[in-house]
Every structure is written in structure tokens, then in C-alpha cells.
Ligand code: AMP
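Numbering (the working numbering), first residue to last: 18 to 294.
Structure follows, in C-alpha cells:
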């Protein structure tokens, strides 16, 4: 991989990079399309990164479909598919970790300790291997994109981090490889997460900005659905610091993480509040 990209870079080619964990869907493919539009060559990686899963999380059963993924990427005309394995990425004696402080402990980081250390470490490694000009991330994993953007700035990595819109199913459910875990009954009701975000965003933009009241409403709406077993978080956050907002103004991240049955799903919407004159 490193030899291949060195050759490309010597020829002055730009490289667009899409890191993934595979089980590809239209969300992933939208990033590939964008990378293709904006770069000479497109590299996609598939690596189910053990370092970003907690000991009781779904690493062993995470969906894997390299054959199907390869076909989808060929159809999108991606140029290079990189599929490293765990011993290659983490040979015996591998000790280094990348930790992007503060913003890694909030939201999903609070409920998945160490998760974003695993993410930042693997993405830093992939960046050094692939040497992309631009790398593409989905807004669906907003915290991840913010953390990677911060890592790139803090460590002077000469890479543009491009955040792309969330691709959704017809009922609003954000596409995710983990949606495959949902039973039919759970899948039917899982649009509730996006609906609650959207309704709250609409209330915000119509001028209702009592954050305590809105947060309560959002929680109630989500929990009305009996298939929702728990909410990790659902509320209003600063899109840069990821701190919970008590005053709703400027750019606001509405974000939710909840379990439908045993499946943990996340989603978010960004809202910009207009300044009152
Ligand atoms: P994953 O394979 O889940 O690690 O995701 C790889 C990349 O695809 C990440 O940048 C995700 O944010 C992005 N992604 C996943 N789902 C979606 C989606 N529904 N829409 C847009 N991007 C997505």
C-alpha cells in the first residue's frame, strides 16, 4: 500500500481516502462517490478495528462481507481497496495510542471508554499508510469526525478532513452496518430516533428554545417506543467542544444514542440558530 501511494504521489496525483469497517451500504458509497469527484485516485480501507471495541461489545459479530463490499466498490470505480489484518496493524509489542483529550470522553466516549483512542490510533496509522490528500467521514458519526479533525490539526497532518451528509433509509433511519442486527419489528420502529431529532430541530427553528423542556420532550418521544430499551444520551451540544448546552444559540448539535433491543444506534442533526435582532 505504501509503495503504491508513493508512486501515485510522485506522479503528482491527489488521493481521496475513505476508511471503513466494511459491510458497506449507501452511506459508505456516498463518501466514495465524493472522494472520486474530488481526487485523482480513491482509496477505501476495510478494517474492523479491535482497538475501538470494548471487551463486551460486538467485535466478534460485527458484520463482515468482503466479497460483497469488493463488488460494490468495483461498481463505484474506487481505485484501491486496502484490507489490512489485525496482526499487520498491531504486531506484537505495539504500544502507541493517540488520545484526543476532552472531546473523546463526551457523548459516545463516556459510554464507550477507550473507543475514540482506538479510532484515533487506527485512523492515524491509516493516514500514515495511505497518505491521503483528503479523507472523507460521515456526519452520522459526528463525534468521530470532530475528533479526527482535531487530531489532524493538532498533529499537523497535511490532510483535508471532509464531513459528508448522513444517508438515510426512507423512514429517516441513518444507514449503519449495525442496522443488520435489528429484528424486523425493531427495524419498523427505529425511525423514531431521526423523527425525534427532526421534530426537536423544527421546534428549535420555530423559536422554542427552552432546552430543559425540549430535552424532556425528546426523551419522552423516544421512550414512547417500547422497543427502545435505553437512552445513553439525547440532547443539545456544542458542535466543537461537544459540551452539553444549557443556552441554545449559534450552532447546535442535536445528538442521540439509544438502544433498540440490544442494538445501540446513534444519530444527529446540526442546527444553526438565527441571531435575534
Ligand atoms: P464505519 O464503517 O461504520 O466505520 O463507517 C465508515 C465511514 O462511513 C465513517 O466515516 C462513517 O461516518 C461513514 N458512514 C457510516 N454510515 C453513514 C451514513 N449513513 N451516511 C454517511 N456516512 C456514513
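The C-beta atom is built at its ideal place from N, Cα and C for all residues, glycine as well.
Every value quoted in this text rests on a predicted model; they were computed, and no experiment measured them.
The beta carbon of residue 266 lies closer than 7 Å to those of 290 in the same chain, with the five residues before and after it left out. Counting every other CB atom within 10 Å of its CB across the protein chains shown gives residue 45 a total of 16 or more, marking it as buried.
Judged by the Cβ position, residue 38 qualifies as a neighbour of the ligand AMP at the 7 Å threshold, a heavy atom of the ligand being closer than this. With 16 or more other Cβ atoms from the protein chains shown falling within 10 Å of its own Cβ, residue 56 counts as buried. For the beta strand (DSSP E) assignment, the uninterrupted runs of no fewer than 3 residues enclosed by the stretch 130-180 are, from N- to C-terminal side, 151-155. Under the criterion of beta carbons closer than 8 Å, residue 288 and residue 218 qualify as touching, at roughly 5 Å.
Residue pairing from DSSP places residue 58 in a beta bridge opposite 32. Between residue 240 and residue 248, the C-beta gap is smaller than 8 Å, which places the two residues in contact. Judged by DSSP secondary structure, residue 281 falls within the beta strand (DSSP E) whose first and last residues are 280-289. Inclusion of residue 193 and residue 157 in the CB contact set at 8 Å is warranted, their separation being smaller than that value. The beta carbon of residue 100 lies closer than 6 Å to those of 63 in the same chain, with the five residues before and after it left out.
Shown here for residue 279: same chain residues with a beta carbon closer than 8 Å to its own, the five before and five after excluded, namely 198 and 246 in chain order. Shown here, residue 120 sits in coil according to DSSP, grouped into three states, outside any helix or strand. Here residue 102 is exposed. Its C-beta has fewer than 16 other C-beta atoms within 10 Å.
Between residue 26 and residue 142, the C-beta gap is not smaller than 8 Å, which leaves the two residues out of contact.
Residue burial is scored here from C-beta neighbours: residue 88 has fewer than 16 other C-beta atoms within 10 angstroms and is therefore classed as exposed. Taking 8 Å as the cut-off, the Cβ atoms of residue 251 and residue 277 do not count as close.
Looking at the DSSP output, residue 261 sits in a beta bridge with 254.
By alpha-carbon distance to residue 98, the top candidate from 131, 60 and 73 is 60. Assignment of residue 83 by DSSP, reduced to helix, strand and coil, places it in the helix class. Under the 8 Å Cβ criterion, the stretch 161-179 counts as touching the stretch 126-144, having at least three qualifying pairs. The criterion of a C-beta distance shorter than 8 Å is satisfied by residue 180 and residue 154. The continuous alpha helix (DSSP H) containing residue 219 extends over residues 209-222. For residue 161, the CB falls within less than 7 Å of some heavy atom of the ligand AMP. At least one heavy atom of the ligand AMP lies less than 7 Å from the C-beta of residue 158. Looking only at 130, 109 and 110, the smallest Cα-Cα distance to residue 118 is reached by 130. Of 70, 32, 221 and 67, the smallest CA-CA separation from residue 54 is found for 32.
Using a Cβ distance threshold of 8 Å, residue 274 and residue 70 do not count as a contacting pair. At the C-beta level, residue 82 and residue 39 come within 8 Å of one another. For residue 43, same chain residues with a beta-carbon under 7 Å away, outside a window of 5 residues either side, are 184 and 192 in chain order.
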